[in-house]
Amino acid sequence: MSSPEREVIVVAFSRLEEHHIAQIRAVDPRVRVAVADQKSAANLAPTAEILLGWNMSREVIDHASRLRWIQSTGAGVDKLIAAGVLDGEILVTSSSGIHHGLIEHVLAVLLALNRRLHIAMRNQIRHYWDRSSRMMGAEVSSQTLGILGLGHIGSELATKAHALGMRVIGTKRTPATIPGVERVFPPEGLTEVLGAADAVVIALPLTKATRGLVGPAQLHAMKPTAFLINIGRGAIVQEAALLEALREKRIAGVALDVFEQEPLPADSPFYDLENVIVTPHISGNSPDYTDRAVSLFCTNLHAYLHGKPLQNVVDKERGY
Ligand code: OXD
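Numbers given in this note's numbering equal positions in the sequence shown, counted from 1, plus 32.
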């Protein structure tokens with residue numbers, strides 16, 4: 033660790049308020065904070081011992097010759113993996129465990145799909161009054177929720193869904209007992225979960241093991257009445273297969289917050305399909321989120337400066 037008199041420079045690639053910067057500085061008198069934007073990034077990167085943010089580019093990381101630690105403000109670190117960061121000596125930590133708003137987003141789209149709000153909104157824009165059977169809502173309290181990835185986010189979602197009366201099942205890489213979850217399957221139990229669920233939520237990180245995990249066979253295993261919700265990463269689902277399943281009404285609908293290509297191009301068919309809710313990768317956002325991300329960073333910064341173990345250290349082999 034740095035000698036007591038040495039400055040520890042944190043370069044933040046995040047929209048931080050003054051009070052966040054003050055909170056980080058207050059951790060230790062050695063700490064200096066610089067907030068980078070597109071223009072200043074290349075100049076600031078070489079000064080950084082620590083990077084704080086999300087989606088830092090390969091270019092920024094290559095410029096950061098003094099870099100020791102990256103605190104991602106997101107849960108997923110796939111962009112950093114793609115930038116090659118995880119191969120080196122640099123310590124990487126994630127912001128898992130602070131996504132409470134994201135859980136509410138999943139519940140919102142789950143209820144919206146079940147209550148046909150996505151169709152009602154389209155009808156409203158067209159000034160069209162439809163009380164036909166296609167507008168008949170379903171009750172989630174009699175349904176089974178399948179959660180792919182019972183990590184921090186999946187487990188918190190399970191508790192809330194269970195409180196709504198749902199039966200919850202899901203997959204997890206390592207066996208565990210999770211409150212509110214009736215049965216935890218290993219990843220090999222994927223098809224069984226897909227076949228039993230009325231709604232499937234993808235809460236997985238994007239890794240070598242999960243890229244393209246949900247393709248034609250997996251979509252085929254789902255009930256024709258089931259919904260799919262993806263708040264993990266776009267590339268976990270094979271989008272061409274999903275589009276086909278939606279067009280052929282082989283599943284009832286989807287809510288997608290993440291896409292293979294972001295921003296989702298304006299000519300993407302996902303925007304136009306009636307059985308699709310598109311949100312622009314915002315499920316985790318809320319003003320409270322930044323406060324929690326900065327608090328987590330400050331706890332880790334204190335630990336880093338005192339040679340103690342950090343929270344949420346990314347396992348470079350696993351990729352999360
Ligand atoms: C995250 C995200 O990784 O919001 O936290 O996608």
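The C-beta atom is built at its ideal place from N, Cα and C for all residues, glycine as well. Predicted model only: the values in this text are computed from it and were never measured.
Give me the Cβ distance between residue i and residue j, rounded to the nearest whole Å; I'm assuming they're in contact under 8 Å.
i: Leu278; j: Gln250; result: That belief does not hold up - the Cβ atoms of Leu278 and Gln250 are roughly 14 Å apart, past 8 Å.
i: Asp7; j: Ser318; result: Because residue 7 is not part of the residues shown, which for the chain are 33 to 352, the question remains open.
i: Arg243; j: Ile268; result: 7 Å
i: Pro78; j: Ala96; result: 7 Å
i: Ala229; j: Ala258; result: 6 Å
i: Ile56; j: Val286; result: With a Cβ gap of about 39 Å, Ile56 and Val286 do not count as contacting.
i: His52; j: Thr322; result: 7 Å
i: Ala107; j: Ser128; result: 5 Å
i: Ala253; j: Gly227; result: 5 Å
Between which residues of its own chain and residue i is the CB-CB distance below 6 Å, once the five residues before and five after are set aside?
i: Leu337; result: Asp60
i: Gly197; result: Ser173
i: Asp162; result: Asn155
i: Val117; result: Ile93
i: Asp245; result: Before going further, note that residue 245 is Leu rather than Asp in the sequence given. Ile268, listed in sequence order.
i: Leu142; result: Ala231
i: Ala73; result: Val92
i: Val346; result: Val109, Val124 and Ser126
i: Leu333; result: Val59
i: Phe45; result: Ala68, Gly85 and Met88
Residue i by DSSP, collapsed to three states: which one?
i: Asp347; result: coil
i: Gly186; result: helix
i: Thr125; result: strand
i: Phe291; result: coil
i: Asn262; result: strand
i: Gly285; result: strand
i: Val246; result: strand
i: Asn146; result: helix
i: Val98; result: Checking the sequence shown, residue 98 turns out to be Arg, not Val. It is coil, neither helix nor strand.
i: Leu337; result: helix
i: Val141; result: helix
i: Met167; result: helix
i: Lys71; result: coil
i: Val49; result: Note that residue 49 corresponds to Glu in the displayed sequence, not to Val. Glu49 falls in the coil class under three-state DSSP.
i: Met153; result: helix
i: Gln55; result: helix
i: Asp299; result: coil
i: Glu276; result: helix
i: Asp304; result: coil
i: Ala193; result: helix
i: Asn332; result: helix
i: Tyr321; result: helix
To which residues does DSSP link residue i through a beta bridge?
i: Leu84; result: Ala44 and Gln103
i: Leu180; result: Thr203 and Ile234
i: Phe217; result: Thr203
i: Arg64; result: Ile41
i: Ile309; result: Ala287
i: Val269; result: Val246
Ignore the nearest five residues each way along the sequence and tell me which others in residue i's own chain have a CB closer than 7 Å to its CB.
i: Thr239; result: Arg350, Gly351 and Tyr352
i: Leu134; result: Ile185, Ile263, Ser315 and Gly316
i: Glu171; result: none
i: Asn146; result: Gly169, Ala170 and Val172
i: Lys192; result: Ile135 and Leu139
i: Ala273; result: Gly247, Pro248 and Leu251
i: Ile179; result: Gly186, Leu189, Ala190, Val200, Gly202, Val233 and Ala235
Here's a check: name, in chain order, each residue in its chain whose Cβ is nearer than 8 Å to the Cβ of residue i, leaving out the five neighbours to either side.
i: Val308; result: His150, Leu278, Gly285, Val286, Ala287, Leu288 and Phe302
i: Gly266; result: Leu288, Val290, Phe291, Glu292, Gln293 and Glu294
i: Leu182; result: Ala190, Gly202, Thr203, Lys204, Ala208, Ile210, Val213, Val216 and Ala235
i: Arg64; result: Glu39, Val40, Ile41, Val42 and Arg57
Flag this pair as touching only if the segment 97 to 104 and the segment 112 to 126 have three or more C-beta atom pairs under 8 Å; answer yes or no. yes
Within 6 Å of the ligand PLP: residues by beta-carbon to any heavy atom: Inclusion of the ligand PLP in the displayed structure is not the case, the ligand content consisting of the ligand OXD alone.
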